[in-house]
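Q:
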Amino acid sequence: MGPRTLARGLRHGLLGSLSFMLAAQSMPFLPGIAPAPEISEGPDFAELLPYRPLPMVTTEGSTEPLHYRGEQVQNDSSGWSIQRGGLQSADLLLVADKIHYNPKTNLVEAEGHIRLEAQGLRLRAERLKMDWRQRTGEAWALELEFDPSWTLKAGEASFNTLKRWNFQDVKVTSCAQEQPGWSLTMSKLSLNLDHFATFHNAKMYVGPVPLLYLPWGTYPAKEARSSGLLPTLPKYSNVLGVTLALPYFQTLGNSADVTFEPEFHQKENPLWAAELRWHPEPTHEGSLSAEYIHQSTDGEYRYAYQFRDLWKREDGWQFSADLNHASDSLLESDYGRRVGDFGGNYFNSSLYLGKSFSFANFSVAASDQRSYFSTYSPSVLEKQTFPTIQSRLYPIGVGLLYFDAGVSAGRMAYRLETPDVDTIPDSSYTWNRADVYTRLYGRLGQWGPFRADVETLARYTAYDASLREPLYTPQTAVGSTLDPSFNQFLVDGKAIDRSLLSGRFKLSGPPIGRTYEDLHFWKYSGDLKHLVEPFVAFTETSSSSADAEIPRFDDVDSRPGAGGSAMGERSLEIGFMQHLMGRSTSASFFSDLVRWKISSKYHFRPILLADGRYEKGWTTIETELDAQPTDKIRISYKATSDLEEKHTDNSLTVNVGTDFGGQYSLAFFSTAINSLLIRQHGIQLAAMQRFWDDRLRLEANANYDYSTIVSAQVGLTYVTPCVAYSVRYTHSALNAVSSISRENKIEFVISLKSLGDFTLFSH
């Protein structure tokens, strides 16, 4: 029985009680706690090795080449008697405490620590009687082993050609333990390794607890993949009632297959789902999955699909696709069809085709980002990049500097759905954009404690459409009465183009530092060095009268200049970098423990900043902090403070690991000055802690916006080598209307090694 045979059969047998033939690629649910026979331990693998490579004597009168070896060997009229030895032919090896072989009849009888090995078969038993030539016989107190970790135990079995087996009192599991976490038992099993197997009185146990009973079932046992029904378990939900999936697996040749998985609900219409998979060659694989339901409770049509494909050619070309779409943001939460973290984004899509050459790369790409809103508008926003051709020249050394360049051409789009906003009709806005740039950058020189860096950039961008109305007046920096949260998406104006030159010069130094030797505090011991390096940078980027009409899609539009500068920017940036470095001994090198940057910009002329503000003069103070005082603690902080309006955008992240296998993270964020984004603020918390040598795990995450818990999830899992029991609680503040959606959900999930996850209860 091959590696895949048992696993396939086990999965199929769950449906054996139904009145149709099971013909799936997996093996059935075997069952009933029949008393497992006691099987003494066989010879160690090292004990078996001498019977394989060493030359052996060929028996006289044998009908086939047969070799023997043993501690004691006797030959009389009845045949050969071997003590602690073995028999071996071209395709079969037998090792046992006692072996008797009759060369006239080819009959072999063995007792004690029996080990029989053939192609794809490993058998242990206490007693064996077989015809060596015909490969037929009987075995008692036996155990069959299957790759990678399946075992089948039986009190008695008969076999024919080592392909057809009849077992009595069978027990199957993938747990290599004396007391397995889960097992399948049956009173009788008839197995044909070239065709099918049939079992009777099957029971599945998790520990000592019976979970499922099937009076009869059949499954395919052959090595080749087979079509048929897959395993399933019913589950219960107070919203959907009793739910039962009936998955069917269909092979499509040697490199493709499809699974149809309708899910039937007591209180709702069926959910129809299917997944097609292909793997024609080692460098090419993909899948297509879809699901659909017409809800009886409210008449809503809901759907989702996903297409994935990855192809890496030997000549360097690569193609990848990840296309996802859903009718709404709650389908996965309501029906839980896909595997992933709660709140994961299933709605982004991308396509890529490209190749890297020795001096440049070339690619064609497309993307779609879909965002859902509820209390904010637009209700749905899609940001799309239609196939965009792009090529970039790798940096080339020019003296002390580097030169690179790039060109791209493509089509962009915004698609709005605003059912709650009468002034903004649902529509799509598309435009073509072509862009080319050249750049020269690098270190200009080092003079004593001072260092100079320079970056120059030339860019040309052409748009065949612009914003319907300018977001602001460039000459006076006076904003219009337009709402930037809407009007930045309305791209149906005239065609425009933009040419700009940009340069940035940065002078750093002199660094000032001080070393503190042989410090001891907290868990740190060694030398510390504090270093402060001031810098000043001047940036100049050209402007035009059309700057306020440029569509705001990505950095090419809003930050096109050197160093990510905005259109028309003429600014002076002043700041300093601080480094706190440490080393354990005077013979080792200093490494960064804390990096802290503080800077502020003065704008000499009014511009539209990347965050939606149009200002002049001193605008913001930027603060960035990155600290890692120990290998278990990481702190990141970034703040942008508006000097005039006294508002700040903040983000703080703290990650902490413990000596007891725990991981904790805390994130604080707020947006108060960015007028092109929805104002947000809140706290995110995530934690994972292991207990009892990782047998018990507690995981949790939560998002809190200072008024309500937007989402939260808590899971408690008890883990054994073969079984995991999980209780999961999920909370989600609903952001859309669904007749079956609930803000709170609790689930009980059991995970069985080699069989997968089963959700038994959902409320």
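Counting along the sequence shown from 1, when you hit position 454 you're at 453 in numbering that gives the first Met the number 0, and nothing is skipped either side. Glycine residues also receive a C-beta, built at the ideal position from the N, C-alpha and C atoms.
For Ser326, which three-state DSSP category applies?
A: Reduced to three states, the DSSP call for Ser326 is coil.
Q: Please state whether the Cβ-Cβ distance between Ser542 and Met566 is less than 8 Å.
A: Yes, they are a contact pair.
Q: Assuming Asp526 is part of the beta strand (DSSP E), what are its boundary residues?
A: First-last of the beta strand (DSSP E) with Asp526: 523-540.
Q: What does the alpha-carbon distance come out to for the pair Glu284 and Gln167?
A: Glu284 and Gln167: Cα-Cα distance of roughly 42 Å.
Q: Spatial neighbours of Arg604 within its chain, please: C-beta separation below 6 Å, excluding the five flanking residues on both sides.
A: Once the five neighbours on either side are set aside, the close Cβ partners of Arg604 are Arg569.
Q: Helix, strand or coil: how does DSSP classify Gly315 here?
A: Three-state DSSP puts Gly315 in coil, outside helix and strand.
Q: Roughly how many whole angstroms lie between the Cα atoms of Thr540 and Gly298?
A: Those two C-alpha atoms are separated by around 56 Å.
Q: With a cut-off of 8 Å, do at least 3 Cβ pairs link the segment 193-203 to the segment 148-160?
A: No, they do not touch.
Q: Considering only the alpha carbon of each residue, which of Ser635, Asn360, Tyr291 lies closest to Val653?
A: Of Ser635, Asn360, Tyr291, the residue nearest in Cα terms is Ser635.
Q: Between the C-alpha atoms of Asp789 and Lys97, what's the straight-line distance to the nearest angstrom?
A: Residue 789 is absent from the model: the chain starts at 0 and stops at 762.
Q: Can you find the residues in the same chain that come closer than 7 Å, C-beta to C-beta, to Asp591, ignoring five residues on each side of it along the sequence?
A: Cβ within range, chain order: His578, Met580.
Q: Here's a check: name, in chain order, each residue in its chain whose Cβ is nearer than 6 Å to the Cβ of Phe318, leaving out the five neighbours to either side.
A: Hits under 6 Å: Trp310, Leu352.
Q: Note down, in chain order, each residue of its chain lying with its Cβ closer than 6 Å to the Cβ of His324, except the 5 sequence neighbours on either side.
A: Closer than 6 Å at the Cβ level, and outside the excluded window around His324, lie Tyr304.
Q: Kindly provide the ranges of any alpha helix (DSSP H) runs that are 4 or more residues long and lie completely inside the segment 63-103, ordered along the chain.
A: The segment 63-103 contains no whole alpha helix (DSSP H) run of 4 or more residues.
Q: By DSSP, does Tyr334 sit in helix, in strand, or in coil?
A: If DSSP states are grouped into helix, strand and coil, Tyr334 belongs with the helices.
Q: Please report the straight-line C-alpha distance between Ala404 and Arg438, rounded to a whole angstrom.
A: Their Cα atoms are separated by approximately 6 Å.
Q: So, using beta-carbon positions, are Ala412 and Thr429 closer together than 8 Å?
A: In contact: Ala412 and Thr429 (Cβ atoms closer than 8 Å).
Q: For the candidate residues Leu211, Thr250, Thr217, whose alpha-carbon lies nearest to that of Ser226?
A: Looking at the Cα atoms, Thr250 is the closest of the given residues.
Q: Where does Gly563 fall in DSSP's three states?
A: The answer is helix: DSSP assigns Gly563 an H, G or I state.
Q: Kindly indicate the opening and closing residues of the alpha helix (DSSP H) around Asp193.
A: From DSSP, Asp193 is part of no alpha helix (DSSP H); its letter is neither H nor E.
Q: Just reading off the alpha helix (DSSP H) that Ser557 is part of, what are its end residues?
A: Per DSSP, Ser557 belongs to the alpha helix (DSSP H) from 554-557.
Q: Using 8 Å for Cβ pairs, my map puts Val722 next to Leu751. What's the rounded Cβ distance?
A: Indeed they touch by this definition, with Cβ atoms about 6 Å apart.
Q: Just how far apart, CA to CA, sit Leu456 and Val406?
A: Rounded to the nearest angstrom, the two C-alpha atoms are 13 Å apart.
Q: Any heavy atom of the ligand NAD closer than 7 Å to the beta-carbon of Tyr663?
A: By its list of ligands, the structure shown contains no ligand whatsoever, and the ligand NAD lies outside what it can speak to.
Q: Excluding five sequence neighbours on each side, which residues of the same chain lie with their C-beta closer than 7 Å to the C-beta of Asn165?
A: Result list for Asn165: Ala156, Ser157, Ser189, in chain order.
Q: Could you check which residue in Leu229, Pro261, Gln118, Thr258 has the C-alpha nearest to that of Leu192?
A: Answer by Cα proximity: Gln118.
Q: Do you know how far the Cα of Arg123 is from the Cα of Trp181?
A: Computed Cα separation, rounded: 21 Å.
Q: Phe306 bridges to which residues according to DSSP?
A: The partner list for Phe306 (beta bridge, DSSP) reads Leu287, Leu322.
Q: Assuming the contact rule is C-beta atoms closer than 8 Å, Gly136 and Leu127 should be a hit. Round their C-beta distance to whole Å, please.
A: With 8 Å as the limit, Gly136 and Leu127 qualify as a contact, their Cβ atoms being about 7 Å apart.
Q: Tell me whether Ala545 sits in a helix, a strand or coil according to DSSP, three-state version.
A: Coil.
Q: Specify the secondary structure class of Asn486 as computed by DSSP and reduced to three states.
A: It is helical.
Q: What is the rounded straight-line gap between the Cα of Ser326 and the Cα of Tyr302?
A: Each residue's Cα considered, the two are about 5 Å apart.
Q: Taking the beta strand (DSSP E) that Ile634 belongs to, which residues open and close that run?
A: Its beta strand (DSSP E) spans residues 632-641.
Q: In this structure, what does DSSP give as the bridge partners for Ala138?
A: Beta-bridge pairing links Ala138 to Leu127, Ala156.
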